[in-house]
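Novice: Mind looking over this structure? Questions follow.
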Amino acid sequence: MAPLIPDISSARRLVIKIGSALLVDRKTGLKNAWLTALAEDVAAAKRRGTDVIIVSSGSIALGRGVLGLPSGVLSLEQSQAAAAVGQIRLGRAYEEVLARHGLITAQVLVTLEDTENRRRYLNSRATMETLIGLGVVPIVNENDTVATDEIRFGDNDRLAAQIAVTIGADQLVLLSDVDGLYSANPVVDPTARRFDVIERITPQIEAMAGDPVSEHSRGGMKTKLIAAKTAVAGGCAMAIMQGAVDRPITALAQGAHCTWFIAQGDPQVARKRWIAAMKPRGTVQVDAGAMVALRAGKSLLPAGVTRVSGNFGRGDPVAIAGPEGEALGQGLARYSGDEAKAIAGRRSGEIARILGYAGRAALIHRDDMVI
């Protein structure tokens with residue numbers, strides 16, 4: 037049976053990654069007409085009820101033009117300087133084109149470490165979820181002005197996949213300078229054939245990856261395959277398509293050439309499986325009322341906690357036990373062990389007085405929990 041190709045028009049939560057070559061012309065700078073057309077796609081998706089997150093390259097490419105830096109490989113210091121200059125212009129450009137459709141944007145600068153460290157992961161996820169819930173379109177980019185390894189080796193393809201998994205997106209589209217995965221580099225091999233669908237990324241598929249085809253592009257097909265492996269394992273389907281067309285998301289919906297990587301399950305199920313597989317660093321025991329609430333899909337509030345044990349940090353996995361010590365589930369703590377002990381049994385409104393700062397209402401949020 038042929039795999040079911042995802043329908044971009046029915047995406048619940050969509051991440052769009054935009055490569056530098058699509059946004060920036062080496063001679064003329066930012067491609068305003070293309071960005072304006074993309075904004076129409078974003079606005080159309082928002083009207084359909086789709087949450088949209090944009091992961092955008094381009095700050096270094098834009099900044100190097102403004103600063104008049106030479107073509108070719110930049111030093112780390114030059115890259116960081118270019119990013120600092122370009123990021124301001126890039127953020128302003130997105131703000132202007134999306135504001136015409138009544139959309140509010142937010143700039144979110146992260147590094148891969150922010151999605152791999154559990155504490156930073158919780159912070160990033162909470163911020164992104166809040167922005168999305170308020171109807172904002174987050175514009176995400178690597179924090180290139182302070183990053184080191186990310187600039188030398190990182191790529192926004194991988195970051196986009198990490199963001200997609202972090203916020204539970206069901207579809208990720210990499211707008212690139214190629215229209216999909218080929219059996220060989222189509223620039224140098226005219227016999228190369230494009231794959232419409234990849235159900236599983238095998239070693240043979242990985243061996244087909246080539247090098248970047250644009251001087252602006254940091255990642256070639258290798259980084260896109262790494263991104264695909266991350267995305268599909270997290271329950272997110274991913275497409276690679278040629279983005280240098282007006283309204284590329286509309287073009288994709290109308291059957292434009294691309295390669296779809298099929299998701300391995302649902303993003304929420306994949307996330308729960310990830311949490312359940314962690315080794316707990318502590319235990320929180322709850323009362324009968326909290327147990328009923330948790331089984332009904334509610335978050336765990338401090339008021340329902342009767343006992344806390346273990347030495348764990350914020351973002352660490354903890355076991356959840358019932359009134360008699362029976363295993364109920366597991367989740368990611370939003371407070372450290374010492375803080376959890378201090379607020380156990382207390383109402384959420386008392387947290388600020390006890391801890392000295394206004395913390396989060398839930399000790400473990402339902403999205404970070406498996407029962």
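Per our numbering: the sequence shown = residues 37 to 407.
Built from N, CA and C at the ideal position, the CB exists for glycine as well.
Note that the structure is a prediction, hence the values are computed from the model and not measured.
1. So, for I44: in the same chain, excluding its five sequence neighbours on each side, which residues have a beta-carbon less than 8 Å away from its beta-carbon?
2. Return the CA-CA distance between S250 and S115, expressed in angstroms with no decimal places.
3. Would you kindly work out how many angstroms separate the C-alpha atoms of G65 and S95, rounded to a whole number?
4. For H252, I'd like the list of residues in its chain whose CB is within less than 6 Å of its CB, leaving aside the five on either flank, ordered along the chain.
5. I need the DSSP call for I41, collapsed to helix, strand or coil.
6. Count the other C-beta atoms from every protein chain shown that fall within 10 angstroms of the C-beta of H401, then say buried if there are 16 or more, exposed otherwise.
7. Distance, Cα to Cα, S92 vs V322?
8. Quick check on the burial criterion: 16 or more other C-beta atoms within 10 angstroms. Buried or exposed for I203?
9. Excluding five sequence neighbours on each side, which residues of the same chain lie with their C-beta closer than 8 Å to the C-beta of Q366?
10. Within 10 Å of its beta-carbon, does Y393 have 16 or more other beta-carbons around it, so buried, or fewer, so exposed?
11. Taking 8 Å as the cut-off, does the region 370-377 touch the region 341-348 (at least 3 CB pairs, one atom from each stretch)?
12. Suppose you measure from the CA of S219 to the CA of P174; what does that come to, to the nearest Å?
13. When burial is assigned at 16 or more other CB atoms within 10 Å of the CB, is L74 buried or exposed?
14. Take R140 and list the residues in its own chain whose beta-carbon comes closer than 6 Å to its own, dropping the five residues that flank it on each side.
15. If you count every other CB in all the chains shown that lies within 10 Å of the CB of D193, and 16 or more means buried, which is it?
16. Measure the C-alpha to C-alpha separation of I54 and N159 and round it to an integer number of angstroms.
17. Would you check if the distance between the CB atom of F297 and the CB atom of A267 is smaller than 8 Å?
18. Quick one: using the 10 Å Cβ neighbour count with 16 as the cut-off for buried, is T227 buried or exposed?
19. Quick check on V177: does DSSP put it in helix, strand or coil?
Specialist: The answer reads as follows:
1. L50, Q207, V209, A275, I285, L288, A289
2. With a pLDDT of 45 at S250, under the threshold of 50, the predicted position of this residue should be treated as unreliable, though the coordinate-derived value follows. One C-alpha to the other measures close to 17 Å.
3. 11 Å
4. Annotation note: pLDDT 43 at H252 (below 50); position unreliable, no value reported.
5. coil
6. buried
7. 43 Å
8. buried
9. I311, A312, M314, P316, P353, V354, A355, I356, M405, V406
10. exposed
11. yes
12. 34 Å
13. buried
14. Before going on, a small fix: residue 140 reads as Ile here, not Arg. So the qualifying residues of the chain are V172.
15. buried
16. 24 Å
17. yes
18. exposed
19. Reading off the sequence shown, one finds Asn at residue 177, where the question assumed Val. In this structure, N177 counts as strand in the three-state DSSP scheme.
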